[in-house]
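Novice:
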Amino acid sequence: MLKDIAPKRFFISLALISLFVFWTLTNLEFASQLFLQTQSRISDSLGWMVILAANGFLLFTIYLAFSRFGHIKIGGQEAVPEFSYLSWTAMLFSAGLGIGLLFYGVAEPIIHLGSLPTGAGEDSLAAKANRSMNFTFLHWGLHGWSVYAVVGLCFGISAYNLKKPFRVSAMIDSRFTSNSIGRISIDVLAILATIFGIATSLGLGATQISSGLEYLNLIQPSFTNTILIITVITVLGLISVMLGLNSGIKRLSEINIALCIVLLLAVFILGPTSFILNGIIQNIGSYAKNFITLATWTEAYSETSWQNDWTLFYYSWWFAWSPFVGLFIARVSFGRSIKEFILGVVLIPSLMVFVWMGTFGNAAIYQELFTGVNLSEAINQDISIALFSFLEQFPFSKGLMGLSIIIILTFFVTSSDSGALVSSMLSSSSDSDFESDPPMLARIVWAVSLGILAAALLAGGGLSALQTSVLVTGAPFAIIIAIAAKNLLSRLKELNKH
């Protein structure tokens, strides 16, 4: 079992995470202040780079999809897809979005309704509501999925077509990766970005599950109960990751997307249906019209920290998740052409997000503006109860809350097991066996580490600690993605010649 693990990559990553957890838990008050300061400094210094990188990756995917490389298949021209479109889409949706969709689906549009620093002269509620949905679409749509697509293609072409090691360092041809120290450094950063990015989602999910159970009067609110929730679900994730891709993750992903559709339809049918439809159509049109302005806005002429807390956090979160999701979608996308892959990874999930956020966001805005329900007050007190305060206004509210908790649970488990699977692949000693399952010991260690890290981050600073961990690992990884994209283009030119 140990012979299948790359010791330097595995133990250096594990040691760094262990040191971080130990330091955080033994310096809680200082850690909390440091996380806040670090988040602000990184955002202020690297904000321009994060915005530029996100836009660059989106343009790059558009170019690849409609270029002469679009016909090239991941795995070669004779490769046949392993999974059906339904299973493929379900795994993309579950792995690529996770818990954040439920955590922010109601909360973000309502918070933006009263806090957006742009368009201060637009006093009408209609303008504010539309603008809040525009930014929600920006944060969850095309930009983030293009990051996943770039990293996924880099992994897929490198491993399946060129038979290179299944590591981030193998995607890059440079002087830095010509020696073992450079290669190990890049791979360790990728593992850390994966672990911290997923731990952020797990921390959000545990907090939301705890709030939901409290809302249903099933538990009392406490940090101890949140830790117990993390422990139980980490065990479930551990079981799933031990079952492997087809028996565990695939089945859970299919169940997950089916439950999401049920909840989405319930909100759509039981909520203000006409208002939701009108809102989604208007939101998409406004998003398209204002796309360039939204995508390039850097808060240059204001002194607020709104963008640090939202756009930069989200983009860094996408970057931090990219080695995990990119590797995972490469693993399940064998046999897809580049054009098919990009349309499937960027366009389809983005449209699904627009429908989800448009449904929940507009239904929440309707409650806030026209029914007298003060969602904003509840959310300002505790953002983790946003979904449950919203669902409380619906018929069969208890049942809908219970369903949402189950969905968060399945998202939690699929994120945990997928992250553990990918981290174990990145720390495997295998240089070419892309299709085999990674070492069981590594899968177990990373699954447990995710739960421990999520608990440590919550203890050391709550939401601000989760955001900081994403910025620290995600922003630097954007540079690695850019270098890998440049190498991908060179490799595609070579493949196209044959």
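Numbering (the numbering used here), first residue to last: 813 to 1310. Idealized CB from N, CA, C, for every residue including glycine. Since the structure is predicted, the reported quantities are computational estimates derived from the model, not experimental observations.
1) Under the rule that 16 or more other beta-carbon atoms within 10 Å means buried, what is alanine 1112, buried or exposed?
2) With 16 as the cutoff for other CB atoms within 10 Å, does lysine 1101 come out buried or exposed?
3) Tell me which same chain residues have a C-beta within less than 7 Å of the C-beta of tyrosine 1027, skipping the five on either side of it?
4) Please work out which residues of its chain come closer than 7 Å, Cβ to Cβ, to alanine 1267, disregarding the five sequence neighbours upstream and downstream, and give them in chain order.
5) In its own chain, which residues sit with a C-beta less than 7 Å from the C-beta of phenylalanine 949, not counting the 5 before and 5 after it?
6) Drop a sphere of 10 angstroms on the beta-carbon of glycine 953, count the other beta-carbons inside from all chains shown, and report buried for 16 or more, exposed for fewer.
7) For lysine 1311, is the classification buried or exposed, using 16 other Cβ atoms within 10 angstroms of its Cβ as the cut-off for buried?
8) For histidine 883, count the other beta carbons within 10 Å of its own beta carbon; 16 or more makes it buried, fewer makes it exposed. Which is it?
9) With burial defined as no fewer than 16 other Cβ atoms inside 10 Å of the residue's Cβ, what is the status of glutamate 841: buried or exposed?
10) Between phenylalanine 1224 and isoleucine 1007, which are expected to be in contact by the criterion C-beta below 8 Å, what is the C-beta distance as a whole number of angstroms?
11) Go ahead and pull the three-state DSSP assignment for serine 1149.
12) Per DSSP, what kind of secondary structure is isoleucine 817 in: helix, strand or coil?
13) Within this structure, are the beta carbons of threonine 1226 and leucine 1064 separated by less than 7 Å?
14) Rounding to the nearest angstrom, what Cα-Cα distance links isoleucine 1150 and valine 892 in this structure?
15) Could you give the distance in angstroms between the alpha-carbon of glycine 887 and the alpha-carbon of proline 977?
16) Is the segment 1129–1136 touching the segment 914–930, taking contact as three or more C-beta pairs under 8 Å?
17) Between alanine 1287 and valine 918, which are expected to be in contact by the criterion C-beta below 8 Å, what is the C-beta distance as a whole number of angstroms?
18) So, for glutamate 1204: in the same chain, excluding its five sequence neighbours on each side, which residues have a beta-carbon less than 8 Å away from its beta-carbon?
19) For serine 825, does the three-state DSSP call read helix, strand or coil?
20) Assuming alanine 1002 and leucine 1238 make a contact with CB atoms under 8 Å, what is their CB distance in whole Å?
21) Determine the direct distance from the alpha carbon of valine 963 to that of tyrosine 897, and round the result to whole angstroms.
22) Just to confirm my understanding: we take phenylalanine 1153, look at its own chain, exclude 5 residues before and 5 after, and list those with CB closer than 6 Å. What are they?
23) Look at proline 1173 and methionine 983 and say whether their C-beta atoms are less than 7 Å apart.
24) Taking aspartate 999 as the reference, which of Asn1308, Ser1117, Phe823 has the closest Cα?
25) Return no unless some Cβ of chain D is closer than 7 Å to the Cβ of lysine 820.
26) Around the Cβ of serine 1230, are there at least 16 other Cβ atoms within 10 angstroms (buried) or fewer (exposed)?
27) From tryptophan 957 to leucine 871, what distance separates their C-alpha atoms?
Specialist: Taking the coordinates as given:
1) In the sequence shown, counting from the first residue as 1, residue 1112 sits at position 300. By the 10 Å Cβ count, alanine 1112 comes out exposed.
2) Taking the first residue of the sequence shown as position 1, residue 1101 is located at position 289. Result: exposed.
3) For the purposes of this step, residue 1027 is identified with residue 215 of the sequence shown, where counting begins at 1. Only Ile1197, Phe1200, Met1213 meet the Cβ criterion.
4) Along the sequence shown, read from residue 1 onward, the residue named residue 1267 stands at position 455. Contacts found: Ile1039, Ile1042.
5) Reading the sequence shown from its first residue, position 137 is the one you call residue 949. Taken in chain order, the residues that qualify are Asn1095, Tyr1099, Phe1166, Met1169.
6) Translated into positions along the sequence shown, residue 953 becomes position 141. It counts as buried.
7) Nothing about residue 1311 can be reported from this structure: the residues present for the chain run from 813 to 1310 only.
8) Against the sequence shown, residue 883 aligns to sequence position 71. Answer is exposed; the Cβ neighbour count stays below 16.
9) The residue you call residue 841 lines up with position 29 of the sequence shown. Per the 10 Å Cβ criterion, exposed.
10) By one-based count along the sequence shown, residue 1224 stands at place 412. By one-based count along the sequence shown, residue 1007 stands at place 195. Not confirmed; about 15 Å, so no contact.
11) Against the sequence shown, residue 1149 aligns to sequence position 337. Serine 1149: strand per DSSP, three-state reduction.
12) Reading the sequence shown from its first residue, position 5 is the one you call residue 817. Correct three-state label for isoleucine 817: strand.
13) For the purposes of this step, residue 1226 is taken as the residue at position 414 of the sequence shown. For the purposes of this step, residue 1064 is taken as the residue at position 252 of the sequence shown. Cβ atoms of threonine 1226 and leucine 1064: closer than 7 Å.
14) As a first step, residue 1150 is located in the sequence shown; it is residue number 338 there, counting from the start. As a first step, residue 892 is located in the sequence shown; it is residue number 80 there, counting from the start. Roughly 14 Å between the two C-alpha positions.
15) What you label residue 887 is simply residue 75 of the sequence shown in a count that begins at 1. What you label residue 977 is simply residue 165 of the sequence shown in a count that begins at 1. Whole-angstrom Cα-Cα distance: 14 Å.
16) no
17) As a working note, residue 1287 is residue 475 in the sequence shown. As a working note, residue 918 is residue 106 in the sequence shown. Not a contact, Cβ separation roughly 28 Å.
18) Translated into positions along the sequence shown, residue 1204 becomes position 392. Contacts found: Tyr1027, Met1213.
19) Residue numbering aside, residue 825 sits at position 13 when the sequence shown is read from its first letter. Of the three classes helix, strand and coil, the one that applies to serine 825 here is helix, per DSSP.
20) Position 190 of the sequence shown, counting from 1, holds the residue named residue 1002. Position 426 of the sequence shown, counting from 1, holds the residue named residue 1238. Right, their Cβ atoms sit about 6 Å apart.
21) Taking the sequence shown and counting its residues from 1, the one referred to as residue 897 is at position 85. Taking the sequence shown and counting its residues from 1, the one referred to as residue 963 is at position 151. About 20 Å.
22) Residue numbering aside, residue 1153 sits at position 341 when the sequence shown is read from its first letter. Around phenylalanine 1153: Ser1145.
23) What you label residue 1173 is simply residue 361 of the sequence shown in a count that begins at 1. What you label residue 983 is simply residue 171 of the sequence shown in a count that begins at 1. Here residue 1173 turns out to be glycine, not proline, going by the sequence shown. In this structure, methionine 983 does not lie closer than 7 Å to glycine 1173 by Cβ.
24) Taking the sequence shown and counting its residues from 1, the one referred to as residue 999 is at position 187. The candidate whose alpha carbon is nearest that of aspartate 999 is Phe823.
25) The structure shown contains no chain D; it is built from a single protein chain.
26) Numbered from 1 along the sequence shown, position 418 holds the residue referred to as residue 1230. Label assigned to serine 1230: buried.
27) Taking the sequence shown and counting its residues from 1, one reaches residue 957 at position 145. Taking the sequence shown and counting its residues from 1, one reaches residue 871 at position 59. The alpha-carbon atoms of tryptophan 957 and leucine 871 are separated by roughly 12 Å.
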